[in-house]
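Residue numbers (our numbering): 665 to 828.
Note that beta-carbon positions come from the ideal geometry of N, C-alpha and C, so glycine has one too.
Contents: one structure, followed by commentary.
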């Protein structure tokens, strides 16, 4: 049965960049990006902690459905707290947690989406907390390694867990 590879990390850490590696890999791999997910599935939600919990809950349900239907899922969501990550664990989803680790300074410098420049009160890592994951299956430090090294780490991990 296929599983879900759940990428967590701050905005700008590289979750989407890394998950794009698998976008066209195989017709049985689905990339589920938090920004796109919010456009089409959870556009009724904001960014309060309660809304973030509901956003992840819906992502879990869709991941389970896709896994059950034979698809491997690469899910890229900030997933800011250990409590929310525990919700994933408690859901019964067959997943591996991958922490895309990057210090806030580097994320602010990258600011690909312009979120840090807007400086909203709901910005994770500045005004809303981001807990370092306590039980990651893999940590990829995008502020310490170049993109090719990070992609290699992710690819090797996914391939080694593909048939678990």
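Per DSSP, residue 772 is one residue of the alpha helix (DSSP H) stretching across 768–774. Contact annotation, residue 679 with residue 740: C-beta distance approximately 4 Å; criterion of less than 8 Å satisfied.
DSSP, read as helix, strand or coil, puts residue 711 in coil. Counted as a single uninterrupted DSSP element, the stretch harbouring residue 665 is not any beta strand (DSSP E), since DSSP gives it neither H nor E.
Secondary structure of residue 720 (DSSP, three-state): helix. Contact check for residue 753 and residue 825: beta-carbon distance about 16 Å, past the 8 Å limit, so the pair fails to qualify. Judged by beta-carbon spacing, residue 770 lies within the 8 Å limit of residue 807, meaning their Cβ atoms are closer than that value. If you draw a straight line from the Cα of residue 681 to the Cα of residue 766, it comes to about 13 Å. Scanning its chain for C-beta atoms nearer than 7 Å, with the 5 sequence neighbours on each side dropped, one finds around residue 683 the residues 671, 695, 697, 738 and 740, in chain order. Residue range 811–825 is occupied by the alpha helix (DSSP H) that includes residue 820, with no beta strand (DSSP E) assigned at that position.
In chain order, 709 place their CB closer than 7 Å to the CB of residue 715, counting only its own chain and leaving out the 5 sequence neighbours on each side.
A check of alpha carbon separations from residue 702 across 676, 776 and 718 identifies 718 as the nearest. Distance between residue 799 and residue 749, taken at the CA atoms: about 9 Å. Taking residue 731 as the centre and dropping the five residues before and after it, the same chain places the C-beta of 665, 666, 667, 668, 737 and 758 closer than 7 Å to its C-beta, in chain order. The DSSP-derived three-state label of residue 763 is strand. Residue 762 sits buried, since 16 or more C-beta atoms from the chains shown fall within 10 Å of its C-beta. Residue state for residue 753 is assigned as helix, using DSSP reduced to three classes.
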